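Letter by letter, the sequence shown follows residues -14 to 226 of my numbering.
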Amino acid sequence: MQNDKLALSLTIIADGAAILAGVVWLPQLISWLESRNTLNVILITVLYFFFCIAVYLLRKLEKQISPERAKFTIPPLFTNIKFLRVMGAFFGVTLLLIILDQLGYFQSIFVVDDRVLGAGESSAFFVFGPGALLAGSLFYILVLSGETRETILVNSGRYVPLALLGLLGVNGMMLLLTAVFRAEFSLWQWPRTLWFALPAGMWLLLLFTPPRIWYLTKRPSWTPVITFIIMLIYFTWQIIA
């Protein structure tokens, strides 16, 4: 019973920790990301790796509540393989664009002279480089939609810590991308208005709803939905604050 109550409060802990981390670290992260450099790409890549592990952990969790006891059911569309592949590709392309921008690709692509570079260098710059980054970004499709066995059992002592680790990993990536979006607003001189906050919030929603849906399939409850919405509103506001 105690383990069950703790499992129920995991999203409160994880989402609350993400908001607290945003209050403490978001300004520093934004300031850092507003200067394009390779270190930013390394940070994003490392957190992306841990994000994939976090999503995989959430998918490995055993279902805690039977369909008969569930307070609501997840529409089949949201766990459909084709839908998840599309969402995984959307995340991957978003990550690719972020990395290319941090590398200064979009600033240099229009000034690079392919006659000076030569055929090999031009191919690497315009095709193979972005292609390799895209392949790495789309690895998330396998994590999100690939076949997975539920081996982290409810009654095992590792269920709660691994579930919490998975939630924190996903929220950490959401915190980072919030900082990235806020930095992009400054780098591209986009107006930070409510009208721009809405698409930014929708973008975060599309990126991070699938992992939360996987968690909801393990324990259908309104608590993870409510805490996720609160966290989403906070991060969306930080993009234009």
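Yeah, the Cβ is synthetic: ideal placement off N, Cα and C, and Gly gets one too.
All figures in this text were calculated on a predicted structure; none of them were measured in a lab.
1) State the beta-bridge partners of I137 as determined by DSSP.
2) Under DSSP, the alpha helix (DSSP H) around G89 begins and ends at which residues?
3) Can the beta-carbon of G154 be found closer than 8 Å to that of F75?
4) Excluding sequence positions up to five away, which residues of its chain have a Cβ less than 6 Å from the Cβ of V165?
5) At which residues does the alpha helix (DSSP H) containing R177 begin and terminate?
6) Between the Cα of N65 and those of I224, I214, T202 and A3, spot the shortest distance and give me the residue it belongs to.
7) If Y219 sits next to G7, beta carbons under 8 Å apart, how far is it from one beta carbon to the other, in whole angstroms?
8) Please go through the same chain and pick out, in chain order, the residues whose beta-carbon is closer than 6 Å to the beta-carbon of I72, but skip the five residues on each side of it.
9) What do you get for S130, buried or exposed, if any count of 16 or more other CB atoms within 10 angstroms of its CB means buried?
10) Would you call the region 208 to 219 and the region 167 to 174 touching, i.e. three or more CB-CB distances under 8 Å?
11) When you compare each of L152, G77 and L160 to L123 by their alpha carbons, which one comes out closest?
12) Is the beta carbon of Y41 sitting closer than 8 Å to the one on M158?
13) Please state whether DSSP places I218 in a helix, a strand or coil.
14) Does the distance from the CB of M216 to the CB of I4 come in under 8 Å?
15) Which of the three DSSP states, helix, strand or coil, is assigned to L32?
16) Going by the beta-carbon positions, is the gap between A182 and I137 smaller than 8 Å?
17) Just checking: is the beta-carbon of I66 within a distance shorter than 8 Å of some beta-carbon in chain C?
18) Rounded to whole angstroms, what is the Cα-Cα separation between L85 and N140?
19) Can you give the beta carbon distance from R70 to T133, rounded, assuming they're within the 8 Å contact cut?
A quick look at the data gives this:
1) The residue given as residue 137 occupies position 152 in the sequence shown. The partner list for I137 (beta bridge, DSSP) reads L46.
2) Translated into positions along the sequence shown, residue 89 becomes position 104. Neither: G89 is in no alpha helix (DSSP H) and is coded neither H nor E.
3) On the sequence shown, residue 154 is found 169 positions in, with the first residue counted as 1. On the sequence shown, residue 75 is found 90 positions in, with the first residue counted as 1. Their beta carbons are not under 8 Å apart, which means G154 does not touch F75 by this criterion.
4) Stepping through the sequence shown from its first residue, residue 165 is reached at position 180. Around V165: L18 and I83.
5) Start at 1 with the first residue of the sequence shown, and residue 177 comes out as number 192. Element bounds for R177: n/a, residue is neither H nor E.
6) Here residue 65 refers to the residue found at position 80 of the sequence shown. It is T202.
7) Counting from one through the sequence shown, the residue named residue 219 turns up at place 234. Counting from one through the sequence shown, the residue named residue 7 turns up at place 22. Right, the Cβ-Cβ distance comes to about 7 Å (below 8 Å), so this counts as a contact.
8) Residue mapping note: residue 72 aligns to position 87 of the sequence shown, counting from 1. Position check: residue 72 holds Met in this sequence, whereas Ile was assumed. Taken in chain order, the residues that qualify are P195.
9) Sequence index remark: in the sequence shown, residue 130 carries index 145 (1-based). Its Cβ being crowded by 16 or more others within 10 Å, S130 is buried.
10) no
11) Counted from its first residue, the sequence shown places residue 123 at position 138. For the residues L152, G77 and L160, the minimum Cα distance to L123 belongs to G77.
12) Translated into the one-based positions of the sequence shown, residue 41 becomes position 56. Translated into the one-based positions of the sequence shown, residue 158 becomes position 173. Cβ atoms of Y41 and M158: not closer than 8 Å.
13) Numbered from 1 along the sequence shown, position 233 holds the residue referred to as residue 218. Here I218 sits in helix by DSSP.
14) Here residue 216 corresponds to residue number 231 of the sequence shown, with the count starting at 1. Here residue 4 corresponds to residue number 19 of the sequence shown, with the count starting at 1. Yes. Within cutoff.
15) Indexing the sequence shown from 1 puts residue 32 at position 47. Looking at L32 - three-state DSSP - the assignment turns out to be helix.
16) Your numbering for residue 182 matches position 197 in the sequence shown. Your numbering for residue 137 matches position 152 in the sequence shown. No. Outside cutoff.
17) The structure shown has no chain C; it contains just one protein chain.
18) As a first step, residue 85 is located in the sequence shown; it is residue number 100 there, counting from the start. As a first step, residue 140 is located in the sequence shown; it is residue number 155 there, counting from the start. Their backbone Cα atoms lie some 44 Å apart in a straight line.
19) On the sequence shown, position 85 is the one that residue 70 refers to. On the sequence shown, position 148 is the one that residue 133 refers to. Not confirmed; about 14 Å, so no contact.
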